[in-house]
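In what follows, a structure is listed as structure tokens, so that the remarks can point back to it.
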Amino acid sequence: MSRSQQAMIAEGLARQGRAAEAVAACYEALAIDDRDPATHALLAELMLGEDFYDEAIAAATQAIELDPDCSPAYLALGLAYDRRGGMWDQSVLVWHELAEVVPDLVIAHVQLGEAFAAAAFDEEARDSWKRALELDPRQARAHYNLAIDALKREGMSTALPLIRTAGALDPSQDALFFALVGLPEREPQGDVGPDAPREVRYAEAAAMARAEDFFGAVDAVRSLLDDDPDDARALALAGFCYLKQEATNEAMACAVRALGLAPDLVEAMYVLGTTYAQRPGLAKHAARVFLALAKARPLEPLAHVLLAEALLGLQRYRQAHKAYAAAVALDPACVRARFGLAAVLFSEGSYAEAQWHIRRAAYYDTKRLGVFWDLFDRYVEGGGE
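Each residue of the sequence shown is one higher than the one before, starting from 9 at the first, in this note's numbering.
And the structure:
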């Protein structure tokens, strides 16, 4: 696709997050060539980011009129309709078109399902989310939506296992553990020997665990524990690795031992609470542990989410509502917290507010995934075809 230099400048500014300058550059580019669908699509995305929904709709519509295969414009248009609300018929059509233009785009099927659900086409919504899971079985948002659907049809007891399934697929949970560990993210070095300083060996074990080399991490931790069986941090890391390998008993044993040695060790609280949450009948214990974790790390949004999910299992909806709300206040982009809060709101009969949180979750999740830029790059590199 042949594009003007001004269009390239606008794109560069947008990628840098300089929205106001990028918008001005888009208008300058369109003054040079007002038939460039990519620039209209970019302008729509920028307007959407600033909550100018009418302007986003106009720009995206213009891009699609110029090229009916302009996939990034469909994305921006669908999100603008969803965020504006009350335009579900148009939203359904747009997401359906995007799913046809880019059939392997998982998020298009997720968004289509959300549009169907908002328009009260529940069966079609379920079909769309199931299609998304056929393309990507680990698509957490599709699982969250199916959980909300189950809640509306059958109640919280049916929805809760699905909420937990979605949570287990959410990458933010592993990120919480490593945030609690407190080490900077790095790649494993691979050449750390048994004679290296203990902190270096521990950092290498943590790096291997972060890279999902759990067997290597367990071997490294075992070496640390051979030298000092009372190393609480190493025990907690071992517990996390066992947890990721679905060895729940071993994970629980490591966490209990670690907390016996260091009662305030937050990463051990995380491991123990998670093992409790995975076991039927231990929701009360999970809630106690996650309450302690949330108090110890009050600025970690996911600590409040984990507490809220445990409280849901105890049918303490008012307390769960409070914990989810705390998480959303700390991180408005926390998709897991917004879907959980929506579940509680549905159970309370606050349907409009619940739907609003689902729309916000959808926007933040799609933005986090970088879907617009993926589609934009594919469109531009493909010559707009």
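From the three backbone atoms N, C-alpha and C, an ideal C-beta is built for every residue, glycine too.
Let me confirm a value: E393 is counted as buried when at least 16 other C-beta atoms fall within 10 Å, else exposed. Which label applies?
Note that E393 has pLDDT 45, beneath the 50 cutoff, so the model's placement of it is unreliable and the number below is only indicative. E393 comes out exposed.
Through-space distance from Y210 to A276, alpha-carbon basis
15 angstroms
List in chain order: all unbroken alpha helix (DSSP H) runs of 4+ residues lying wholly within the segment 17–104.
27–40, 45–57, 61–74, 79–92
Return the CA-CA distance between M216 and Y89, expressed in angstroms with no decimal places.
43 angstroms
Option in Q253, E108, D236, D203 with minimal Cα separation from A225
Q253
Once the 5 residues before and after V229 are set aside, which same chain residues still bring their CB inside 6 angstroms of it?
A213, A242, L245, A246
For D157, does the count of other Cβ atoms within 10 angstroms reach 16, so buried, or fall short, so exposed?
buried
What number of angstroms, rounded off, separates the C-alpha of A369 from the C-alpha of A15?
31 angstroms
Distance, V110 Cα to D386 Cα
The sequence as given places Arg at residue 386; Asp does not occur at that position. Between R386 and V110, the C-alpha separation is close to 10 angstroms.
Tell me where the alpha helix (DSSP H) around V200 begins and ends.
V200 -> no alpha helix (DSSP H), and no H or E assigned at all.
Pair within 8 angstroms by beta-carbon distance, A259 and T283
yes
Between Y371, H365, R367, F347, which lies nearest to H151 when the distance is taken from Cα to Cα?
F347
Under three-state DSSP, which class holds G357?
coil
Simplified DSSP assignment, three categories, for L113
coil
For chain B, find out if any of its Cβ atoms is closer than 8 angstroms to the Cβ of L314; answer yes or no.
The structure shown has no chain B; it contains just one protein chain.
Report the rounded CA-to-CA distance for V352 versus D178, giving the unit in angstroms.
19 angstroms
Taking all protein chains shown into account, do 16 or more other C-beta atoms lie within 10 angstroms of the C-beta of Y278, making it buried, or fewer, making it exposed?
buried
Which of helix, strand or coil does DSSP assign to S12?
coil
Skipping 5 residues on each side, what residues in its chain have a beta carbon closer than 6 angstroms to that of S79?
V109, V110, L383, Y387
Same chain, Cβ closer than 8 angstroms to A333, neighbours up to 5 away in sequence not counted:
L349
Rank Y359, Y372, A362 by C-alpha distance to the C-alpha of C342 and give the top, closest one.
Y372
Can you find at least 3 beta carbon pairs, one from the segment 122–130 and one from the segment 93–101, that sit closer than 8 angstroms?
yes
Among L310, A266, A295, R305, which residue has its Cα nearest to the Cα of D236?
A266
Within 8 angstroms, do at least three Cβ pairs link the segment 300–313 to the segment 321–340?
yes
Quick check: what's the CA-CA separation for A180 versus A39?
Before going on, a small fix: residue 180 reads as Ser here, not Ala. Near 43 angstroms, if we compare the C-alpha coordinates of A39 and S180.
Proximity below 8 angstroms, CB of L87 to CB of L56:
yes
CB of A270 within 8 angstroms of CB of A240, strictly:
yes
Measuring only the C-alpha atoms, how far is R26 from H48?
17 angstroms
Reducing DSSP to helix, strand and coil, say where C262 ends up.
helix
Under 8 angstroms between the Cβ atoms of A174 and A155?
yes
So, under 8 angstroms CB-CB, R11 and A33 are touching, yes? Tell me the CB distance rounded to an integer number of Å.
12 angstroms between Cβ atoms; not a contact.
Cβ neighbour criterion (16 or more within 10 Å) applied to A367
The amino acid occupying residue 367 in the given sequence is Arg; Ala does not appear at that position. Answer is buried; the Cβ neighbour count reaches 16.
What number of angstroms, rounded off, separates the C-alpha of R146 from the C-alpha of Y325?
27 angstroms
Residues in the same chain with beta-carbon distance under 7 angstroms from E389, minus the five sequence neighbours each way, listed in chain order, please.
none
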